[in-house]
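Undergrad: Residue numbers for the first sequence follow our numbering, so the first one is 1 and each next one is one higher. One structure follows; several queries about it will come next.
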Amino acid sequence: MISVLTKRADFLAANKGLRNARPGFVLLTRPNDGQGIRYGITVTKKIGNAVVRNRMKRRFRELLRAALPDNGLPDHDHVLIGRAGGVERDFGQLAKELGYVLAAAREGKSDPGRGRRPRRGSRQQGGA
RNA sequence: CAGGGGGCUGAGGCAGCCGCGUUGCCGCAAGGCAGCGAGGAAAGUCCGGGCUCCACGAAACAAAGGUGGCGGGUAACGCCCGCCGAAUGCGCGUUUUCGGGCGGGCAUUCAGGGAAAGUGCCACAGAGAGUAUACCGCCGAUGGACCGCGCUGUUCGCAGUUUGGGGUCACAGGCAAGGGUGAAAGGGUGCGGUAAAAGCGCACCGGGGCUCUGGUAACAGCGUCCGCAUGGCAAACCCCACCUGGAGCAAGGCCAAAUAGGGGCCUCGCGUUCCGGAGUUGAUCCGGGACAGGAGCGUUUCGUUCCGAGAGGCCCGGGUUGGCUGCUUGAGCCGUUCAGCAAUGGGCGGCCCAGACGAAUGGUUGCCGCCGCAGUGCAGGUCGAAAGAUACCGGCUGCGGAGACAGAACCCGGCUUAUGAUGUCCCCUGACGC
RNA sequence: GCCGCGGUAGCUCAGUGGUAGAGCGCGUCAUUGGUAAUGACGAGGCCGAGAGUUCAAUUCUCUCUCGUGGCA
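Shown next as structure tokens:
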């Protein structure tokens, strides 16, 4: 069962999970205690106007729809954060990158080089 | 032909697959099938309405705000259509003292009532800026001063000369043409006139008043009178005419959950009777029953449960951030016909066409269409007498590319702003040819 | 979604139809052995953008643009 994140608290909690970035997007993943596969999309006003933001959300939704049933992490929240350039990027390219990123998240990897980013104890909580 | 600017048009089409939202049907359910699914601006929120709540005797007046040629259209408008007027630009005709004037045409633009009801402002410059003014200048007619000449008188030294004539001064005075200042200098041009001038007089033009004619009207035209002192700003106050109650679907209504069922103010109401108790009787209060009454549930006569004295409204404080409704059939869309110059309106027939709420339209493929490049004389065009040629128009094939501005959120009518290609109209610049 | 408010010097703000100021900041000089404080002088602005009204617009009117506040 795939459902949608609607609570602000869920989005904030996802920040404490694994973070994997690609040129078009950032993927956050975090276990959710048996709520099934859930996803959420964040596109800030920095990206563009309403047309650009909604188009990005529609394309992300399509990406997740194709990837999550087979490659999604069971009982995890998935949050996609849009980045500048994600609208112009080729759709197939984005789909490939999402596959890589999901595989990395499955193995518990996250982006190096952001050492200041994870807060205390968040890594253990994420692994449990 | 090339480049640029502006207005209008226009918003690619048809299918397949995988998805999303919603409605209907089927199914115990999982789900399946079918229908529909963004715009001309959905935008800005600048105007006008519907709808909802609040306030309010109808209405009138005042305040505040808005609109502003006339007529029509409309539910209404600050919108649209037609007409009028003005300004600007470009041709044309006519006249000319060659500066220009007049008539008429086309295009574009116009927040286009009133400045002779009143108040205010018009900086700087300039002499003078609104009961005009006199700096430079012009004049020497009139008065004055002075110098000759002439004339008269004379005591021969001179004296007089208002009305003999000339000259000088520019004191009084006359003028406003010219110079100069300014955004603007109190009608313009010409002739006459004068000492010099001036609507002082005249002609034409401009302006104002009145009558008449045409037009629904704005207004236009003819005639006649007035020499004509009375700028500009009302997107300054203002005057005149007309319009407007306030707020907005986060309006408003219902349900659920949650909190401490708290405080204040206001309105309406608290029936009949019996038994017991408190109270010295009574008034009153407490408990119980009956009747009348009210509310809910079940299809109804009826049954049953509850209430039976409290109920409602507003404000403060506290809690919640859930659901339903309003929510899409409407000043609707399409076709046709009639009326009208048009905007638009009437008749007839047909159609149902988004309702989301972390907010639905996406992804991908094929064919056709558009643009560019290359190849190919190849249906046609073109050149050539033909053979043939192919720069150009066109055909065919291949490759590549573009697809703008932008996403409904209660709904309509406008305005404004944004907008790639194609087509079309107008304007500007440049080159070439005639 | 609906309803308001604002944009002036590097910063915080006045201002009025006639070429715009104040405080802080900045620069130079003076004062001091030196610094601060103080004093004197000075620079720095197409008043958010574009149209219109007017002789003249930062000001008045309209249209955009950017920022900001409120309403369940």
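From the three backbone atoms N, C-alpha and C, an ideal C-beta is built for every residue, glycine too. Every value quoted in this text rests on a predicted model; they were computed, and no experiment measured them.
#1: Tell me whether Gly40 sits in a helix, a strand or coil according to DSSP, three-state version.
#2: By Cβ distance, which residues of its chain are closer than 7 Å to Ser110, with the 5 residues on each side in sequence left out?
#3: For the segment 85-94 against the segment 20-40, do three or more pairs of beta-carbon atoms, one drawn from each stretch, fall closer than 8 Å, so that the two count as touching?
#4: Whose C-alpha, out of Gly82, Arg65 and Arg59, is nearest the C-alpha of Ile2?
#5: With a CB to CB cut of under 8 Å and the five nearest residues on each side skipped, what residues in its chain are close to Ala84?
#6: Are Gly77 and Ala9 close, meaning C-beta to C-beta below 7 Å?
TA: Based on what the coordinates show:
#1: On the first sequence, position 40 is the one that residue 40 refers to. Correct three-state label for Gly40: strand.
#2: Taking the first residue of the first sequence as position 1, residue 110 is located at position 110. Leaving aside the five residues that flank Ser110 on each side, the residues in its chain whose CB is nearer than 7 Å to its CB run, in chain order, Leu18, Arg19 and Asn20.
#3: In short, these stretches touch, since the Cβ pair count reaches three.
#4: Your numbering for residue 2 matches position 2 in the first sequence. Of the listed residues, the one whose Cα sits closest to Ile2 is Arg65.
#5: In the first sequence, the residue the question calls residue 84 occupies position 84. Answer for Ala84: Lys46 and Ile47, listed in chain order.
#6: For the purposes of this step, residue 77 is taken as residue 77 along the first sequence, with counting starting at 1. For the purposes of this step, residue 9 is taken as residue 9 along the first sequence, with counting starting at 1. The identity of residue 77 in the sequence shown is Asp, whereas the question assumes Gly. Contact: no.
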